[in-house]
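Trainee: Quick one: the structure is below, questions incoming.
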Amino acid sequence: MTESHNATLLDGTAVAGRIVEKVTADAAALTADGVTPCLATVLVGADPASVTYVRMKQNRSAKAGIGSWHVELPANITTATLVAALTELSQDPDVHGILLQHPVPAHIDERAAFEAIAPEKDVDGVTMHSFAAMAFGEPGFVSATPGGILRLLDEYGVELAGKHAVVVGRSPILGKPVGMMLLARDATVTYCHSRTADLASYTRQADILVAAVGRPGFITGDDILPGAVVIDAGYNPGNIGDVDFDSAVTKAGLITPVPGGVGPMTIAVLLEQTVAAAGRQQGRR
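Our numbering numbers the first residue of the sequence shown as 2 and each following residue consecutively.
Have a look at this one:
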């Protein structure tokens, strides 16, 4: 591929639609047996973006036949209060999956809150238990966005074994777990972050480049190896990703758009894992 060609788009909306179609059928089968899968969403404060995200997840859940239970908590609550709420949901047999919308207010210990979620209900894959399971290839729930990324790569037949994957970002729910999942698939993984010197020297070596830094347009076409697979996992105000799409699309071989790439896959995996959690909690596999 020459630089004058436009990359093939990785259509997350289409792939997610196929996943959700099966999820809907599985949820209907469980409901017919007397168990309606239920996802509990917990929102602390009233950040407009978080409110929108939660509402979208509730709407998608309803369309897939998944029940929802929403808990709204004031922004000034303590970590202990949030932990207590999450513990209560973890102990409720009618709740099968729990999603804590993040980020939470800065005064709250987010890690303590995540760890209050029972591993069998951690359908967003945010606990240390889930991370360890991903790292060691053991059964458990994957982080929803990394899981969606891997599913999208598989759908388009992207070979991972032996490839050099560069992850720009090291968050505990995106950058770190996606790197571990790529490593488990025999990719050679390099993590880059805000302290990485000469970042472009790494990104230009990447067969697979994952941008997850939360900075709009941070990765440009000049930072990309011609023909690379570019995964834009960023979502910034104005529907702008972490990759400057216009310059990157002429350099990459495959690329995710924003919106319509990683985002729909995240929600599809979240719903899929909620239905799977409901089945497992009823003794099914």
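From the three backbone atoms N, C-alpha and C, an ideal C-beta is built for every residue, glycine too.
(1) Kindly list the residues whose CB is nearer than 7 Å to the CB of E4, restricted to its own chain and excluding five residues on each side of it in sequence; keep chain order.
(2) Comparing the C-beta of R216 with each C-beta of chain B, is any distance below 7 Å?
(3) Under the DSSP definition of a beta bridge, which residues are partnered with L161?
(4) On a CA-only basis, which of V244, I241, H103 is nearest L115? Give me that one, please.
(5) When DSSP builds the beta bridges, which residues end up paired with H71?
(6) Check whether the region 16-23 touches the region 47-56, counting contact only when three or more Cβ pairs, one atom from each stretch, lie closer than 8 Å.
(7) Reducing DSSP to helix, strand and coil, say where I174 ends up.
(8) Contact defined as beta carbons within less than 8 Å: I believe V230 pairs with V159. What is the distance between those atoms, to the nearest angstrom?
(9) Give every residue of the same chain whose Cβ lies closer than 8 Å to the Cβ of P140, excluding the five residues on either side of it in the sequence, and list them in chain order.
(10) My guess is that S91 and K58 are in contact by the Cβ rule of under 8 Å, so how many angstroms apart are they, rounded?
(11) Under 7 Å Cβ to Cβ from W70, same chain only, skipping five residues before and after it: list those, please.
(12) Which residues bound the beta strand (DSSP E) around G98?
(13) Take A107 as the anchor and find which of H130, P147, Q206, N77 has the nearest alpha-carbon.
(14) In chain order, what residues of the same chain lie with their CB nearer than 6 Å to the CB of Q274, ignoring the 5 residues before and after it?
(15) Count the other CB atoms within 10 Å of the CB of R1; is the residue buried (16 or more) or exposed (fewer)?
(16) For the alpha helix (DSSP H) containing L271, list its first residue and its last residue.
(17) Report the rounded CA-to-CA distance for L175 versus P147, giving the unit in angstroms.
Mentor: In terms of the structure at hand:
(1) Locating residue 4 in the sequence shown gives position 3, where the first residue counts as 1. Residue placement at E4 cannot be trusted, given a pLDDT of 40 that sits under 50; the coordinates are not used to answer.
(2) Included in the structure is just one protein chain, with no chain B present.
(3) Residue numbering aside, residue 161 sits at position 160 when the sequence shown is read from its first letter. Residue pairing of L161 in beta bridges, as defined by DSSP: absent, with no partner found.
(4) For the purposes of this step, residue 115 is taken as residue 114 along the sequence shown, with counting starting at 1. At residue 115 the sequence reads Phe, which differs from the Leu that was named. Checking every option, the nearest Cα to that of F115 belongs to H103.
(5) For this step, residue 71 is matched to residue 70 along the sequence shown. The secondary-structure analysis by DSSP pairs H71 across a beta bridge with T42.
(6) Verdict: no, contact absent.
(7) Position 173 of the sequence shown, counted from the first residue, corresponds to residue 174. The answer is coil: DSSP assigns I174 none of H, G, I, E or B.
(8) One-based indexing of the sequence shown puts residue 230 at position 229. One-based indexing of the sequence shown puts residue 159 at position 158. About 6 Å separates the two Cβ atoms, so the contact holds.
(9) Stepping through the sequence shown from its first residue, residue 140 is reached at position 139. Cβ within range, chain order: A134.
(10) The count along the sequence shown starts at 1 and reaches residue 91 at position 90. The count along the sequence shown starts at 1 and reaches residue 58 at position 57. With a Cβ gap of about 19 Å, S91 and K58 do not count as contacting.
(11) As a working note, residue 70 is residue 69 in the sequence shown. The beta carbon of W70 sits closer than 7 Å to the beta carbons of C39, A41, V96 from its chain, once the five residues preceding and following it are set aside; these are given in chain order.
(12) The count along the sequence shown starts at 1 and reaches residue 98 at position 97. Note, G98: beta strand (DSSP E), 98-101.
(13) As a first step, residue 107 is located in the sequence shown; it is residue number 106 there, counting from the start. Distance from the Cα of A107 is smallest, within the candidate group H130, P147, Q206, N77, for N77.
(14) Within the sequence shown, numbered from 1, the residue matching residue 274 stands at position 273. Closer than 6 Å at Cβ, skipping near neighbours: V124, F142.
(15) The question about residue 1 has no answer, for the chain in this structure spans 2 to 286.
(16) What you label residue 271 is simply residue 270 of the sequence shown in a count that begins at 1. From DSSP, the alpha helix (DSSP H) with L271 extends over 263-282.
(17) Counting from one through the sequence shown, the residue named residue 175 turns up at place 174. Counting from one through the sequence shown, the residue named residue 147 turns up at place 146. Distance between the alpha carbons of L175 and P147 is about 6 Å.
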